[in-house]
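J.: To start, I am sharing the structure in question, which I have written as structure tokens.
Residue numbers (my numbering): 6 to 98.
And the structure:
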């Protein structure tokens with residue numbers, strides 16, 4: 006699939022982990038806002054944690070610009086929660 010920069014993303018709903026809590030979200034929740042969607046293959050892999058951590062560390066800058074950042078993978082919200090709870094030095098995010 007080709008990147009769709011500055012084009013509407015298809016509508017979606019998903020179970021998510023937001024600030025340590027389970028939450029159902031949809032793209033419609035962000036209507037009228039800038040949204041950065043980044044996709045990664047799986048939790049608990051060494052393929053992309055550096056990019057995820059970089060996005061997380063840059064969140065204040067994105068928020069200053071009025072943008073929300075959403076990470077998307079095929080894992081369940083339970084896997085996301087477990088990965089987020091694990092310390093960074095032990096492979097967590």
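Note that beta-carbon positions come from the ideal geometry of N, C-alpha and C, so glycine has one too.
Just how far apart, CA to CA, sit residue 77 and residue 12?
T.: For the purposes of this step, residue 77 is taken as the residue at position 72 of the chain shown. For the purposes of this step, residue 12 is taken as the residue at position 7 of the chain shown. One C-alpha to the other measures close to 18 Å.
J.: Pick from 49, 33, 69: whose alpha carbon is nearest that of residue 94?
T.: To locate residue 94, count along the chain shown from 1; it is residue 89. Ranking 49, 33, 69 by CA distance to the CA of residue 94 puts 49 first.
J.: Using the C-alpha atoms, what's the distance from residue 70 back to residue 83?
T.: Position 78 of the chain shown, counted from the first residue, corresponds to residue 83. Position 65 of the chain shown, counted from the first residue, corresponds to residue 70. Distance between the alpha carbons of residue 83 and residue 70 is about 30 Å.
J.: Give the DSSP-derived three-state secondary structure of residue 60 in the structure shown.
T.: If you number the chain shown from 1, residue 60 lands on position 55. The answer is helix: DSSP assigns residue 60 an H, G or I state.
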